[in-house]
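Worksheet for the structure shown next.
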Amino acid sequence: MSAAQDEGRMARAKILPSSASLPSITYTDYLATPLARFLEGADVVPAASEKKTSDPSDFLASSTGRVVFAGYRLQDIADYRAAIQDWFASVPIGGYLVITVPHAFLFERQSMLPSRWRPEQRRLYTPSSLATEIEEALPPNSYRLRWIGDIDSDYDYSLERDHVPTGFYDVAAVIERIAPPDWQLEDRDEPEASRPSYAFEPPRTRVEMARGRPHHRILVLKLDHLGDFVMGLPALDRLRAAFPASEITLVVGPWNESIAHSRGLFDRIVPFAAYPRNSSEEAVDVPGKKALFDALISDNYDLAIDLRTDPDTRFFLRDVRATLRAGMGTKGEFPFLDIFLPVDVTRHHVEAAWEDRIPLHHFNVQGYCYRTHYQVSCDGQLVRPERGAIIWGPYRHLEPGRYMFEPFLEVEHAKPGLLGYDIALEAERVAYGILSEPSDIRLSFEVTKPARFEFRFQAVDQEPVPDFRFYGGRLVKQGASGVLHQSEYLRLLIELVVMRTSEAGSLVQVSQGR
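Sequential numbering of the sequence shown, starting at 17, is according to the working numbering.
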């Protein structure tokens, strides 16, 4: 092994859990891996770091080497499509683009953000998700994917998850640039039967038929933030009551996992972060999580339900191996749904006059808390009640009306403690609560005259304070509701599922008799 290779490998073994940096690597660190046959003897040009600019063409310094090496770059770039395209543009025909990223199952040893070692990391990677991003970024038949896989040389699998990994923990891909052929891919029209037909004489007739098989295995997606998850609990209670003997798997945001366990309704709970914990601090890219979701949910089910009113997670059901799929929307919007409940598209405009997500930097924090761009972490043992509020702000001017504030909060309950919170208008308290166990915080209050709004966390007398993390919050001015509430929609969907599967049967398509 060369001195350069040995130095790079030693760097991997010295990453600290508090570090925000991956080891400094070059292509020579991979000369003892399967990438060697693409790198040895080649003219290798390193990809430049992402620059602080809105112009994607500035992601990469101009180069035309035979091999462009992008080691540990992609996971930190917001626009991964532009980055891959720019790197690929610097590769001549017959040359290679080599990309390496930390493996989600080897480096982070987790399946959802934030990264345990690097909270600022944009995405987690497996071979499947990296291949998906490459396919999204590059035109068909402009490249061939010559190699993709895991590199785990010298990886110590005996280390516990809380220990820093050692050895190689990479996903790597080798992309060869080819001369595009003269022909283009053929576009094929979708078969007529794959989408609904409303002609006077349709080629197929929809009839109601009872499903004979019982629904032993049920998959439920509830990929919401805290408040929306709580509003779905009555629907989940009804689902268990309707299918008491079924095996129910719940896929839920990791911040709701403890609440889900406390309900005792589910046989299996799978944490999956379709959204960032705090959407105001990180861009939302739900479609970018599809490959990770498909790798996580690969079993067969009798029934799969997306229990979310908004349509942005419905596509997760498309490739789930389920006999029946149910969700909000219409058959025209989601042809893969067997049971669907239309939703009033005006519901958001009526229930909320406006909504404002307040980022973390609008709040003040005591010096004994640790603050980053993404979160405030507070060790409860360091709290000094005599200093007053732990976190306070944002001092927004509010006009008269009814409001609701929801802080984005994660509390560690490994040790007992109480965390007080309140809302003040012009420094006068108008709402107060104490958090003693995992639960959603939503404080409603009324403003009778123009006033300055303040939210505060504080100790409760001399009681111990739990460790917690704060990410900002959401302020909503409430409007007059003229449509069904979200919780009512969710309960209605479950009732429709019960009726179609247990009582009236499911609507299916059969060919007309001749």
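Here a beta-carbon is modelled for each residue, glycine too, at the ideal position from N, C-alpha and C.
Across which residues does DSSP place residue i in a beta bridge pair?
i, result
"residue 447", "439"
"residue 287", "268"
"residue 413", "468"
"residue 166", "187"
"residue 113", "84 and 191"
"residue 141", "119"
"residue 473", "407 and 437"
"residue 423", "489"
"residue 62", "85"
"residue 46", "Answer by DSSP bridge pairing: none, since residue 46 is not bridged."
"residue 282", "Residue 282 pairs with nothing; no bridge assigned."
"residue 452", "Residue 452 is not bridged to any residue."
"residue 54", "DSSP, once it has assigned bridges, lists no residue as partnering residue 54."
"residue 150", "Paired residues: none, contrary to the question."
"residue 503", "In the DSSP output, where bridge partners are listed per residue, residue 503 has none listed."
"residue 159", "193"
Grab me the residues of residue i's own chain with a C-beta within less than 7 Å of its C-beta, minus the 5 sequence neighbours each way, in chain order.
i, result
"residue 398", "384"
"residue 283", "263, 264 and 265"
"residue 143", "164, 165, 166 and 187"
"residue 507", "250, 251 and 254"
"residue 63", "76, 84, 85, 86, 89 and 103"
"residue 343", "321, 322, 330, 333, 350, 353 and 356"
"residue 228", "Because the pLDDT of residue 228 is 43, which lies under 50, any placement of that residue in the model is unreliable, and the number read from its coordinates should be weighed accordingly. Contacts found: none."
"residue 56", "47"
"residue 277", "285"
"residue 458", "243, 420 and 422"
"residue 403", "382"
Identify, in the order they occur along the chain, each residue of the same chain with its Cβ nearer than 6 Å to the Cβ of residue i, setting aside the five sequence neighbours on each side.
i, result
"residue 433", "396, 480, 481 and 482"
"residue 462", "418"
"residue 532", "Nothing in the structure corresponds to residue 532, since the chain is present only between 17 and 530."
"residue 393", "386 and 485"
"residue 58", "82 and 83"
"residue 272", "245"
"residue 148", "307"
"residue 509", "357"
"residue 380", "408 and 409"
"residue 328", "302"
"residue 175", "none"
"residue 451", "435"
"residue 24", "Low confidence applies here, because residue 24 scores a pLDDT of 46, under 50, leaving its location unreliable; read the following figure in that light. Answer for residue 24: 41 and 45, listed in chain order."
"residue 60", "43, 83 and 85"
Between residue i and residue j, is the Cβ-Cβ spacing less than 9 Å?
i, j, result
"residue 281", "residue 456", "no"
"residue 478", "residue 438", "no"
"residue 93", "residue 115", "no"
"residue 247", "residue 460", "no"
"residue 291", "residue 391", "no"
"residue 378", "residue 410", "yes"
"residue 304", "residue 288", "no"
"residue 505", "residue 359", "yes"
"residue 88", "residue 41", "yes"
"residue 286", "residue 312", "yes"
"residue 138", "residue 96", "yes"
"residue 340", "residue 315", "no"
"residue 109", "residue 195", "yes"
"residue 184", "residue 173", "no"
"residue 607", "residue 435", "Residue 607 lies beyond the range of the chain shown here (17 to 530); nothing can be said about it."
"residue 91", "residue 118", "yes"
"residue 105", "residue 153", "no"
"residue 134", "residue 181", "no"
"residue 127", "residue 146", "no"
"residue 326", "residue 310", "no"
"residue 122", "residue 168", "yes"
"residue 420", "residue 513", "no"
"residue 177", "residue 107", "no"
Which same chain residues, not among the five before or five after residue i, have their C-beta less than 8 Å away from its C-beta?
i, result
"residue 542", "Outside the modelled stretch of the chain, which goes from 17 to 530, sits residue 542, for which no answer is possible."
"residue 441", "414, 461, 463, 467, 468, 469 and 470"
"residue 52", "46"
"residue 338", "235, 316, 317, 318, 319 and 320"
Chain C beta carbons: is any one of them nearer than 9 Å to that of residue i?
i, result
"residue 239", "Absence of chain C from the displayed structure is noted, only one protein chain being present."
For this session: Please specify which runs of the alpha helix (DSSP H), each continuous and at least 4 residues long, are wholly inside the stretch 84-111, giving them in chain order.
Result: You should have 96-105.
Problem set entry | Start-end ranges of the beta strand (DSSP E) lying completely within the stretch 307-389, minimum 3 residues | Here the runs fully enclosed are 316-322, 337-344, 355-357 and 368-374.
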